[in-house]
Amino acid sequence: MPVLVFASSKGGAGKTTAAIVLTCELARQGKDKAIDIALIDADPNQHSAAWANKPGKPKNVKLFGNVTSENILETIEEAQSQAAFVIVDLEGVASTAVIGAMSRADLVIVPCQASQNDAREAIKTIKTIKYSCKVSGRNIAYSVLFTRLSAAIITKTAKALANDFSEADIDLFKCSLIDREAFKSIFSYGGSVYDLEETSKREGASIEKAADNARLFAAEVKQKLKANLDR
Ligand SMILES: Nc1ncnc2c1ncn2[C@@H]1O[C@H](COP(=O)(O)OP(=O)(O)OP(=O)(O)O)[C@@H](O)[C@H]1O
Ligand SMILES: [Mg+2]
């Protein structure tokens, strides 16, 4: 079962948010088909686990919390035997746990905000992925995902960075995660953007746009997994 690893050496790049948005969307799509999603939280800060421990976690999401370098490989294996998708949220460092998780990934997603410093960190993370390829003897697919983009405009910096990634032959998601209050709110209230209706309408979170964004993101993840399998 595919393993999707969220990694970036940059703290606050948007790993946990993107991981939970994808977890919720895959769970929503799989709930009537008995498709389970495993969520592995291997960040000592346990932000994904904190979300999962709030009310509203989809029933078909199974949390594997407090995962460390000691047990990450076994946990991924166990999660693969139990779930259709395995999502791994990592700490913003290059550690043994990070290199280990990458070594088992079908796709490493590198969240990156559209700034020069973040792009530099994304390149560093890709070097760590390449190191993990050497250690594991596997070719590991990876893609950069722009996060926290403005809904209103595509900035010049974002365009220039997309161009730089393309010239460096680094795959970039066509979609990006837009900066939306709804993506913040799920960490306060639990559940997915669909559960926010009541509370967040009052706070102005655009549920439908966030839900559309999550669907686009999940669709592109599935496309990339399929393309990598076909290759
Ligand atoms: N698409 C988004 N829309 C709105 N806020 C976002 C979005 N993505 C991330 N954020 C906010 O940015 C901050 C950092 O995001 P997040 O925790 O997902 O990053 P991270 O890479 O997991 O960080 P860490 O390295 O500390 O684990 C959080 O406050 C989060 O709410
Ligand atoms: Mg995080």
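Numbering that gives the first Met the number 0 numbers the first residue of the sequence shown as 0 and each following residue consecutively.
We put the beta carbon where it would ideally sit given N, CA and C, even for glycine.
Which of helix, strand or coil does DSSP assign to residue i?
i, result
"Phe182", "helix"
"Lys61", "strand"
"Phe172", "coil"
"Ile177", "strand"
"Lys158", "helix"
"Ser68", "coil"
"Ser205", "coil"
"Gln79", "helix"
"Ser135", "helix"
"Lys53", "coil"
"Gln45", "coil"
"Ala150", "coil"
"Gly29", "helix"
"Ser191", "coil"
"Asp35", "coil"
"Ser165", "helix"
"Ala100", "helix"
"Arg230", "coil"
"Ala217", "helix"
"Ala93", "coil"
Bridge partners of residue i, per DSSP?
i, result
"Asp233", "Nothing about residue 233 can be reported from this structure: the residues present for the chain run from 0 to 230 only."
"Cys314", "Shown here, the chain extends from 0 to 230; a query on residue 314 therefore has no answer."
"Leu224", "Beta-bridge pairing links Leu224 to no other residue."
"Leu106", "Leu3"
For residue i, count neighbouring C-beta atoms within 10 Å of its own C-beta (all shown protein chains included) and say buried if the count is 16 or more, exposed if not.
i, result
"Asp88", "buried"
"Ser191", "buried"
"Asn65", "exposed"
"Glu76", "exposed"
"Lys43", "Here residue 43 is Pro; the residue named in the question, Lys, does not match the sequence. With fewer than 16 Cβ atoms within 10 Å of its Cβ, Pro43 is classed as exposed."
"Ile206", "buried"
"Thr16", "buried"
"Pro54", "exposed"
"Ile39", "buried"
"Asn59", "buried"
"Glu73", "exposed"
"Gln112", "buried"
"Ile128", "buried"
"Asp31", "exposed"
"Ser80", "exposed"
"Leu228", "exposed"
Rounded to whole angstroms, how far is the Cβ of residue i from the Cβ of residue j, which I believe are closer than 8 Å?
i, j, result
"Lys123", "Ser8", "5 Å"
"Ile71", "Gly99", "5 Å"
"Ile108", "Leu62", "Not a contact, Cβ separation roughly 19 Å."
"Leu215", "Cys174", "4 Å"
"Asp105", "Val2", "5 Å"
"Leu195", "Ile185", "7 Å"
"Thr156", "Pro110", "About 16 Å; that fails the 8 Å criterion."
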